[in-house]
Amino acid sequence: MPTARTWREYPQRYRYEAAVCKKCNKWHFPPRPVCDACKGEEFETKAMRRTGKILSHTVIRVPPAPFKDQAPYAMAVIEMDDGPRITTQVVDCGDGSLKIGQKVKLEFRRIYDDSEAGSINYGYKAVPA
Amino acid sequence: MREVAIIGVGLTKFGELWEQSLRNLYVEAALKAIKDAGVDHIDSMYVGCMSSGLFTGQEHLGALMADYLGQAPVPATRVESACASGGAALRMGYMEVASGQSDVVLVGGVEKMTDVGGDEATYALATASDQEWEAFNGVTFPGLYAMMAVAHMERYKTTVKQLAAVAVKNHLNGTKNPTAQFPAKISVDDVLNSVMVADPLHILDCSPITDGAAAVILCPADKAKKVAKHGAVKILASAAATDTIALHSRKDLAALDAVAKAASVAFSLANKKPSDIQLCEVHDCFTIAEIMSTEALGFFEKGKGGPAVEAGETAIGGKIAVNTSGGLKSKGHPVGATGVAQAIEIVEQLRGQAGARQVAKAKIGMTSNMGGTGASAVVHILEAL
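Heads up: the sequence lines are chains W and U, in that order. This note's numbering applies: residue 194 is where the first sequence begins, and numbers increase by one. This note's numbering applies: residue 278 is where the second sequence begins, and numbers increase by one.
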């Protein structure tokens, strides 16, 4: 992945910066240019709280190439307490058996090493709260 | 708007076709369709393809295929909508004939997936998800559909045996289809004992990596009967819809709202209802996708798709025959070709040419083609002419 492409997303991957619609107050993560609820185009930047709950989950046993050294690993769709939803790995969760509704929080972690660019990509992973 | 008919169809074998190139696959299907229709020219053509760039390094497929089909200088356009590229291409061809712009249009879909290894194919397919906010974090397509399955199982008590029943039915149908990639009879235990890919989906819950192409010839319905050499089928409706690109942003992880939206538009255009349909090709890229599709299309209530397949209601001879071709599961899933291949199965059934898998008294059929985790959907309703 080109370095600029990774760098561009640092505010979200490192700091959980969301765009809050000035018209209807809906939180968007990642930010988007048009609010999908009210079509508003003005937003305020706010950092999301790092807590949320699991909406669905799985264990990836056949991973994409950059994640080979991590498999098997648990993944989940998480609804953040501020509203936005994300897809992320869940780590430090024992045998990986997760439950819908389970509380989690996000932590700053290594996502994968980009061998082509020679860079290490960091971002968020969830751990049981 | 003019009414439109399909007057010719052509399919390649589906499978690991190492001796066949991307262009040769498309040309083979296109030539078969042109001969089947008996037309002496085409006015325009479309190429449905998801990711020839990542799979083979080739883009600019409109010009390439027109050139190698010997049809340059006709206009030729590639259409991409991930795994719904074929269906989206058919919709473009339909609109071109309906509008009066052209009389004879070739719509082909193609994907050459086995020139790359499994890792690269997985990467190419993952581009149909949200690259930055899903794939970046390590999720795969089986992983995304697994999370849809977990949500569906939690809400409706759908079981892994019901998922497996989809694979068992479709592979049985595939044994009656000479172009199918995996025409193998399998059991529920075979599915449940196969290797786990993303819990709860086993390898036999997943559609395969496939090379293949499919093509149809369209013309105005009022000329179809006179022109067609082997029978014509009218397109009663062509409809499409979209949803959020990322699965996690959907209103309901256990529903395919884009499929439901496209279907409701199609039913209204065709002035038909789900109970008017005798057979349907749905997008069973994973077993859970067929169950959720049959619910979104209105054949079964939400949560009843699992029990329905287990009870044989979607088998040939059941309430509604689903994936008589073997579906993506058994027939194979060359992603850009799939939407066109689905239409071909319905045409063959409505023309009474489906052999051992023929649905008795088939008059109206439907196709439901889906991109990504259901972020795009294309639905067609077809009627025997």
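Cβ atoms here follow ideal geometry from the backbone N, Cα and C, with glycine treated the same way. Treat the numbers as computed from the prediction; the structure is a model and nothing was measured.
Please state whether DSSP places residue 459/U in a helix, a strand or coil. Here residue 459/U sits in coil by DSSP.
Give me the residue from 295/U, 281/U, 633/U with the minimum Cα distance to residue 368/U. Answer by Cα proximity: 281/U.
If you drop the 5 nearest sequence neighbours on each side, which residues of the same chain put their C-beta closer than 7 Å to that of residue 512/U? Closer than 7 Å at the Cβ level, and outside the excluded window around residue 512/U, lie 281, 282, 283, 371, 657, 659.
How would you call residue 410/U, buried or exposed, if buried means at least 16 neighbouring beta carbons within 10 angstroms? Counting of Cβ neighbours within 10 angstroms places residue 410/U among the buried residues, the total reaching 16 or more.
May I have the straight-line CA-CA distance separating residue 320/U from residue 351/U, to the nearest angstrom? One C-alpha to the other measures close to 6 Å.
Which ranges would you report for the beta strand (DSSP E) in the segment 348-383 of chain U if only whole runs of at least 3 residues count? Runs of the beta strand (DSSP E) inside the segment 348-383 of chain U: 353-356.
Bounding residues of the beta strand (DSSP E) (the contiguous stretch that carries residue 647/U): Unbroken beta strand (DSSP E) run through residue 647/U: 641-648.
Contact with chain C by residue 282/W, beta-carbon distance below 8 Å: No chain C appears in the structure shown, which is made up of the protein chains W and U.
Which of helix, strand or coil does DSSP assign to residue 314/U? Note: residue 314/U maps to helix in three-state DSSP.
Pick out whichever of 581/U, 343/U, 510/U has its Cα sitting closest to the Cα of residue 639/U. Considering only 581/U, 343/U, 510/U, the residue with the shortest C-alpha distance to residue 639/U is 510/U.
Beta-carbon separation of residue 264/W and residue 283/W under 8 Å? Inclusion of residue 264/W and residue 283/W in the CB contact set at 8 Å is not warranted, their separation being larger than that value.
Is the Cβ of residue 572/U closer than 8 Å to any Cβ of chain W? Output row for residue 572/U: interface = no.
Enclosing beta strand (DSSP E) for residue 474/U [first to last residue]: Residue 474/U -> beta strand (DSSP E) spans 473-475.
Looking at the secondary structure, which residues open and close the alpha helix (DSSP H) in which residue 620/U lies? For residue 620/U, the enclosing alpha helix (DSSP H) starts and ends at 612-627.
Leaving out the 5 sequence neighbours to the left and right, which residues in its chain are closer than 7 Å to residue 634/U when beta-carbon positions are compared? Listed in chain order, the non-local C-beta contacts of residue 634/U below 7 Å within the same chain comprise 450, 453, 454, 593, 601, local neighbours out to five positions each way being set aside.
Just the C-alpha distance for residue 647/U and residue 540/U, rounded to the nearest angstrom, thanks. Rounded to whole angstroms, the separation of the alpha carbons of residue 540/U and residue 647/U is 12 Å.
Neighbour list for residue 524/U in chain W, Cβ cutoff strictly below 8 Å: Going along chain W in sequence order, the residues near residue 524/U (Cβ under 8 Å) are 270, 280.
Can you tell me whether residue 390/U is buried or exposed? The criterion is at least 16 other CB atoms within 10 Å of its CB, across all chains shown. Its Cβ being crowded by 16 or more others within 10 Å, residue 390/U is buried.
Alpha-carbon spacing of residue 506/U relative to residue 521/U, whole angstroms: Distance between the alpha carbons of residue 506/U and residue 521/U: 43 Å.
Please tell me whether residue 467/U and residue 440/U are closer than 8 Å, where the distance is taken between their beta carbons. Contact: no.
So, is the C-beta of residue 313/W closer than 8 Å to a C-beta in chain U? It does not; no Cβ of chain U falls within 8 Å.
For residue 611/U versus residue 435/U, is the C-beta spacing smaller than 8 Å? No.
Select from the segment 242-254 of chain W all residues with a C-beta closer than 9 Å to any C-beta belonging to chain U, and list them in chain order. The residues in question are 248, 249, 250, 251, 252, 253, 254.
Which same chain residues end up closer than 6 Å to residue 387/U when comparing Cβ atoms and leaving out the 5 residues on each side of it in sequence? Result list for residue 387/U: 302, 303, 326, 490, 613, 614, in chain order.
Can you name the start and end residues of the alpha helix (DSSP H) that residue 545/U belongs to? Its alpha helix (DSSP H) spans residues 534-547.
Can you list the alpha helix (DSSP H) stretches of 4 or more residues lying completely in the segment 484-511 of chain U, in chain order? As far as the segment 484-511 of chain U is concerned, its whole alpha helix (DSSP H) runs of at least 4 residues are 498-504.
Please report the residue range of the alpha helix (DSSP H) in which residue 440/U lies. In the DSSP annotation of this structure, the continuous segment of the alpha helix (DSSP H) that includes residue 440/U starts and ends at 437-451.
Can a CB atom of chain U be found closer than 8 Å to the CB of residue 309/W? Not closer than 8 Å to any Cβ of chain U, the Cβ of residue 309/W fails to qualify, so no.
Integer Cβ distance of residue 428/U from residue 530/U, believed to fall under 8 Å: About 4 Å separates the two Cβ atoms, so the contact holds.
Counting only the same chain and skipping the five closest in sequence on each side, list residues whose C-beta sits under 7 Å from that of residue 732/U. Not covered by the structure: residue 732/U. The range shown for chain U is 278 to 662.
Among 208/W, 230/W, 210/W, 209/W, whose alpha-carbon lies nearest the alpha-carbon of residue 218/W? Nearest C-alpha to residue 218/W: 230/W.
Take the Cβ of residue 472/U as the centre, count every other Cβ of all protein chains shown within 10 Å, and call the residue buried at 16 or more, exposed below. Residue 472/U comes out exposed.
When the cut-off is 8 Å and only beta carbons count, does residue 419/U lie next to chain W? With respect to chain W, the C-beta atom of residue 419/U has a partner C-beta closer than 8 Å.
Determine, using beta carbons only, whether residue 656/U comes closer than 8 Å to chain W. No Cβ of chain W is located within less than 8 Å of the beta carbon of residue 656/U.
Proximal residues to residue 275/W (C-beta, below 6 Å), its chain only, five neighbours per side dropped: Answer for residue 275/W: 220, 241, 242, listed in chain order.
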